[in-house]
Amino acid sequence: QAGMGAFAARSLKKGDVVAPAPALLQITDKKTLDMFELNKYQVDGDDPVGKQLLLNYCFGHGKSTMVVCPASSSNLINHCGPKVKGEGQCDNRGPNAVVRWATDFDPETSLWLDMSLDEIDELVEKGRRGLSLEIVALRDIRADEEIFIDYGPEWEEAWERHLSAWSPPSGNGDNYVSINEMNKDVEKYIRTVEDLETDPYPVDVRVACFVQGFHHPCEILKETSRTEADVPGDS
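60 is the number that full-length UniProt numbering gives to position 60 of the sequence shown; each next residue is one higher, with no gaps.
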């Protein structure tokens, strides 16, 4: 029931930054991520039918309307809370890392923490970003050890509700293919308009534009060497 996870590429000491989590989006009203029924691209009904998947990779607080969505490998880190620990997962030791506001790598964060939601909205509209996070080791972590953080009690409760209410899509039978497998071989599983008339996608599958990775070559205009004086905090 967990994702692929994130693993330490090297040994880490207690207090080390495991991974930066620079802010990609700051959403001051998480209702922005509500999803509604659509009828010919128009909202049909006033009640949300779900949340956008992006919300799974954002951080928020139950008493705040704001969520922060970082962009880094920190999104791969799995949950380890009291219940999961009690079930014998994550080595029965609890999480080995914690999330905190960014310190040195993003000086904007300390400024944004003193702003109101209206002030943050104004900066976001101008294309600015802030409120980055970082993952910090709670204890020594050995190389190749999996990183865990505690998503919080509200997340655990929501996950339990999901498990009790969810059931696998019907009609797939022995021909079931996971979304992950479909994405590995798009050409094999993509269906034409004619195919869909006799063999529609399962109810849990949606199709969107497929964008492959690409590389932009760059030209180095000038190279400079770094000295100890260039590195803050090393003196």
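Backbone N, C-alpha and C define an ideal beta-carbon position, used for all residues, glycine too.
- Under the rule that 16 or more other beta-carbon atoms within 10 Å means buried, what is V177, buried or exposed? exposed
- Query: Which parts of the UniProt domain "SET" (1–152) are runs of the beta strand (DSSP E), unbroken and 3 residues or longer, counting only runs that do not cross its ends?
  - Reply: 17–21, 23–27, 67–70, 97–101, 133–137
- L221 versus F36: straight-line alpha-carbon distance, rounded: 49 Å
- Message: If you measure between the beta carbons of L133 and W112, is that distance less than 8 Å?
- Response: no
- In terms of residues, what are the limits of the alpha helix (DSSP H) holding D195? 193–198
- Query: Between I120 and the rest of its own chain, which residues show a CB-CB distance below 7 Å, the 5 nearest in sequence each way excluded?
  - Reply: Q26, T28, W112
- Query: Which residues in the same chain as R139 place their Cβ atom closer than 7 Å to its Cβ, once the five residues preceding and following it in sequence are excluded?
  - Reply: K14, N96
- Task: Output the distance between the C-alpha atoms of K30 and E223, rounded to the nearest integer angstrom.
- Result: 43 Å
- Message: My output table needs one value for Y176: the three-state DSSP class, helix, strand or coil.
- Response: coil
- Task: Give the straight-line distance between the Cα atoms of D47 and T32, rounded to the nearest whole angstrom.
- Result: 13 Å
- Item | T109 and L131 closer than 8 Å at C-beta | yes
- Task: Consult DSSP for W155 and reduce its assignment to one of helix, strand or coil.
- Result: helix
- Task: Look at the alpha carbon of W159 and the alpha carbon of P217, and state the distance between them as a whole number of angstroms.
- Result: 43 Å
- Query: Closest by CA to L55, which one among W155, E187, M4, Y201?
  - Reply: W155
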